[in-house]
Every structure is written in C-alpha cells, then in structure tokens.
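J.:
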Amino acid sequence: MSRVQLIDPAHTTPDRQAMLEQIHKAFGATPNMFKAVANSPAALKSMWGSFGALGSGVLGAKLGEQIAVAIAEHNRCEYCLAAHTVLGKGAGVSAEEMSAAQAGRSTDPKTAAALAFALKVVSGRAQLTNDDVAQLRNVGFGDEHIVEILAHVALNIFTNYVNVAFDVPADFPKVPLNPVTSHKDWATAG
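Numbering that gives the first Met the number 0 numbers the first residue of the sequence shown as 0 and each following residue consecutively.
#1: Is it true that the CB of residue 134 sits closer than 9 Å to the CB of residue 112?
#2: By a C-beta neighbour count over all protein chains shown, 10 Å radius and 16 as the cutoff for buried, is residue 143 buried or exposed?
#3: For the alpha helix (DSSP H) that contains residue 48, what are its first and last residues?
#4: Let me make sure I understand the geometry here. Which of 77, 66, 11 has the alpha-carbon closest to that of residue 92?
#5: With H, G and I counted as helix, E and B as strand and the rest as coil, what does DSSP make of residue 31?
#6: Express the C-alpha separation of residue 136 and residue 51 in angstroms, rounding to a whole number.
#7: Counting Cβ pairs, one atom from each stretch, are 3 or more of them under 8 Å apart for the region 24–42 and the region 154–165?
#8: Which of the three DSSP states is assigned to residue 137 in this structure?
#9: In terms of alpha-carbon separation, which member of 121, 122, 145, 114 lies closest to residue 129?
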C-alpha cells in the first residue's frame, strides 16, 4: 500500500486533472507513480515535463529505456524496472538487450559506455573523472549526448526514489530484480 495517497484523476483539482489526463492519453492509463506524484502539482509538472523533454532528445527512446532499467536495478526499484521493461519493448529493445541493460551491460559499445557512465554517476554521486567523460567521447558521444545521459540519470533517480520511498504499487507486469550477491562496484563497470 502506498505511503502517500494515490490521487484519483476524477476527483482532484483542475490543474492535477489536466496533467493526469495528458499522462493517461500517453500511456492509455494513469500509472500509479504519477498518481502518487500528483500530491504535488509542482513535482508532477517537473516529472512529466522531464519525460516529455527527454523523450524528444538526441539519445532516443531505446537508449533512454536501457539507462532506466540499469538505474532501476541499481536502486532496487521494482516499479521502474517493470515499467521501463514494458516501455523498452515498445521502443524496440529486445528481451536480451533489456536483460543485459538491467545488469549494466550491452554488446553495443556506445550503449555499454552510456550504461557504465550512468551507473558510475549514480554509485559515485557524480564524482567523475576526465577519463569517464572521455570514454563517452571515444565511442562517438558529444557534449549534448553526455549532458542528456546525465539528465536521464537524474530523472530516473527521481522516479526510483518516489516509487521506493512511497512503496507505490506496481501496475506493470513484474520483472524480477537480480539477486544481490555483493555490492557491485559500478564505478568500474563496463
């Protein structure tokens, strides 16, 4: 049971209704995460605006979803892992690619570099080196891409923390988190 109220789109303020209606149109339903965040119209506007802005960014939906599942796994967010697995399939990510991304890996060098960078940002609290950024440039990412990867990280931390902290009930098919066998050092992932 959620630790905060899940806002009923039919019985709330007009500003919340308007944003929740946009979300409903985009997903064909109103996911519980957005109902939880709707307790704060400012937070909902921020989250929804970030999804919209990054959805039309240079990274593309496929890489965005791969980053999302890697971060969801790292932060142990079952809700986001489930949601982004569904969204990833819709963006053309194969089941094998999603499973690899969940583990922070990819056979594609650009995707692998982006995932390693994103996970290092999360685990190292953004304490990066020149080499970390150079590794992205070495596989063809420019500054626009690099900043956008960081924006995806920030948005996914926000969504993970909302769902974990407030115990938001998942409304997507469950995807199991990988067993925790030890603390993986994402700073050296690659």
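The beta-carbon is built from N, C-alpha and C at its ideal position, and this holds for glycine as well.
T.: The short version:
#1: yes
#2: exposed
#3: 40–54
#4: 66
#5: helix
#6: 26 Å
#7: yes
#8: helix
#9: 145
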